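Numbering (our numbering), first residue to last: 57 to 472.
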């Protein structure tokens, strides 16, 4: 961003000025209120030195009269003054004409694709879809039909209810709005099934909505044991079982359960420490070509690199296939050292929190948890016990469902 700011200032023209007068501070306040950019401020006895762009300089004249200060130009730099100084150099202007011709040619293509409003679909997913539709970086702007693209996106992604695509400069901007509600209500499963225990536990509460309970509150059940049966006997007026009906068992069954876990932790762990040495550098990428500039290093220690990439943008939406990358490398050394008692406890607490978080994400209610650490040679053994309360009923299809006996029509039966 700093490089782009410098380029924009140079393109507009830069003036170094001296502001003198008794009300120079008022002049600064007026410029700030009118969003006049001033930088490199240097105070003097009766005023200050600063820099500003040429368009800003033409705007400050009424402000200078209002604040009763004198403005003196000390230096000029930037593109407009460069043209003025070199107006008689034919070769230079031919080069500039070639440069602007190249800019015109580049303006015929798409060099930036942006998305706004997407949360469910990632940028990578949307870019992959555009790639499959033949829309990619470097394609001709005339090859894009925004209306057709909007229709295709709505057809391909039903969760997107509104799409707006437009080409501005060398940028393709796609704004979308995703539906926050479900499009259809899922069909309710009515197939016959039993409810069985997913794990061992003691029943604490049970609400049966459909089916026949096979256990009661306070019972201890094993994994796979039937909790609610789908088989319901149908009786006649004499109390005899005529047939069996099968339903989709439905119930809320809560039980107290226990979890145990065990983890091993090496007594030694690797520590990475920064040495303080830094390796600045950068890279320039123009289309498929890239040049990387880094200061040389000595020694065998590893380095960690962080980079920040900026695409060149001459105006608001006029992007070019030129990328500047700022690279910062930091040297570090690694060594092993044993855990202290406090660090081992913190590591055990971290494993415990991770395990508990896992259970909570599954809807398990934690009642109590205990952790203990034991030393075993070159390892720490971390053992944990968790007392919990959770739903344990899962569906199981009925395997031996009885088929109803076929009805006999006595009037059409032939007697031999």
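No residue lacks a Cβ here, since even glycine has one placed at the ideal position from N, Cα and C.
Because the structure is a prediction, the values reported are computed rather than measured.
Inter-residue Cα distance where the pair is residue 424 and residue 408: For the purposes of this step, residue 424 is identified with residue 368 of the chain shown, where counting begins at 1. For the purposes of this step, residue 408 is identified with residue 352 of the chain shown, where counting begins at 1. For residue 424 and residue 408, the distance between alpha carbons rounds to 12 Å.
Close beta carbons around residue 271, own chain, < 7 Å, minus the five adjacent residues each side: For the purposes of this step, residue 271 is taken as the residue at position 215 of the chain shown. Closer than 7 Å at the Cβ level, and outside the excluded window around residue 271, lie 259, 277 and 283.
Distance CB(residue 86)-CB(residue 113) smaller than 9 Å: Locating residue 86 in the chain shown gives position 30, where the first residue counts as 1. Locating residue 113 in the chain shown gives position 57, where the first residue counts as 1. Contact flag unset, no.
Buried versus exposed, by CB contacts within 10 Å (16 or more), residue 103: Here residue 103 refers to the residue found at position 47 when the chain shown is read from its first residue. Classification for residue 103: buried.
9 Å Cβ cutoff, residue 141 in contact with chain B: The structure shown has no chain B; it contains just one protein chain.
Sequence-distant residues of the same chain with beta carbon closer than 8 Å to residue 162, five excluded per side: Taking the chain shown and counting its residues from 1, the one referred to as residue 162 is at position 106. Counting only Cβ-Cβ distances below 8 Å, and skipping sequence neighbours, we find 226, 376 and 377.
Endpoints, the beta strand (DSSP E) within which residue 229 is located: Against the chain shown, residue 229 aligns to sequence position 173. Run containing residue 229: 227-234, per the beta strand (DSSP E) assignment.
Three-state class that DSSP yields for residue 85 in the structure shown: By one-based count along the chain shown, residue 85 stands at place 29. Correct three-state label for residue 85: helix.
Span of the beta strand (DSSP E) around residue 272: Position 216 of the chain shown, counted from the start, is the residue given in the question as residue 272. Residue 272 -> no beta strand (DSSP E), and no H or E assigned at all.
Check: residue 268 C-beta below 8 Å from any heavy atom of the ligand MN: Absence of the ligand MN from the depicted structure is noted, as is the absence of any ligand whatsoever, leaving it without description.
Other residues of its chain near residue 185: CB distance less than 7 Å, five sequence neighbours each side excluded: Mapped onto the chain shown, residue 185 falls at position 129. Closer than 7 Å at the Cβ level, and outside the excluded window around residue 185, lie 212.
Separation of residue 399 from residue 247, as counted between CA atoms: Start at 1 with the first residue of the chain shown, and residue 247 comes out as number 191. Start at 1 with the first residue of the chain shown, and residue 399 comes out as number 343. Approximately 54 Å, taken between the alpha carbons.
Where the beta strand (DSSP E) through residue 330 begins and ends: Counting from one through the chain shown, the residue named residue 330 turns up at place 274. From DSSP, the beta strand (DSSP E) with residue 330 extends over 324-342.
Three CB pairs or more closer than 8 Å across the region 354-371 and the region 426-436: no
Residue burial classification, residue 59 (beta-carbon count within 10 angstroms, cutoff 16): Taking the chain shown and counting its residues from 1, one reaches residue 59 at position 3. It is exposed - the Cβ of residue 59 has fewer than 16 other Cβ atoms within 10 Å.
Pair within 9 Å by beta-carbon distance, residue 130 and residue 67: Position 74 of the chain shown, counted from the first residue, corresponds to residue 130. Position 11 of the chain shown, counted from the first residue, corresponds to residue 67. No, Cβ-Cβ distance for residue 130 and residue 67 is not below 9 Å.
Range of the contiguous beta strand (DSSP E) that encloses residue 103: One-based indexing of the chain shown puts residue 103 at position 47. Element bounds for residue 103: 103-109.
Residue 384 in three-state terms, based on DSSP: As a first step, residue 384 must be located in the chain shown, where it is residue number 328. Strand at residue 384.
Residue burial classification, residue 167 (beta-carbon count within 10 angstroms, cutoff 16): Counting from one through the chain shown, the residue named residue 167 turns up at place 111. It counts as buried.
Inter-stretch contact (C-beta, 8 Å, three-pair minimum) for the region 382-392 and the region 315-327: yes
Proximity winner among 289, 228, 221 and 311, relative to residue 301 (alpha-carbon distances): On the chain shown, position 245 is the one that residue 301 refers to. The option with the nearest alpha carbon to residue 301 is 289.
Status (buried if at least 16 other CB within 10 Å, exposed otherwise) for residue 89: For the purposes of this step, residue 89 is identified with residue 33 of the chain shown, where counting begins at 1. When all chains shown are included, residue 89 counts as exposed.
Nearest-angstrom Cα separation, counted from residue 429 out to residue 342: On the chain shown, residue 342 is found 286 positions in, with the first residue counted as 1. On the chain shown, residue 429 is found 373 positions in, with the first residue counted as 1. Between residue 342 and residue 429, the C-alpha separation is close to 57 Å.
Inter-residue spacing [alpha-carbon to alpha-carbon] between residue 115 and residue 121: Here the question's residue 115 lines up with position 59 in the chain shown. Here the question's residue 121 lines up with position 65 in the chain shown. One alpha carbon belongs to residue 115, the other to residue 121, and they sit about 12 Å apart.
Exposure of residue 80, with buried meaning 16 or more beta-carbon neighbours within 10 Å: Position 24 of the chain shown, counted from the start, is the residue given in the question as residue 80. Residue environment for residue 80: buried (at least 16 other C-beta atoms within 10 angstroms of its C-beta).
Alpha-carbon to alpha-carbon, residue 442 and residue 397: Along the chain shown, one-based indexing puts residue 397 at 341. Along the chain shown, one-based indexing puts residue 442 at 386. Looking at the two C-alpha atoms, the distance is approximately 23 Å.
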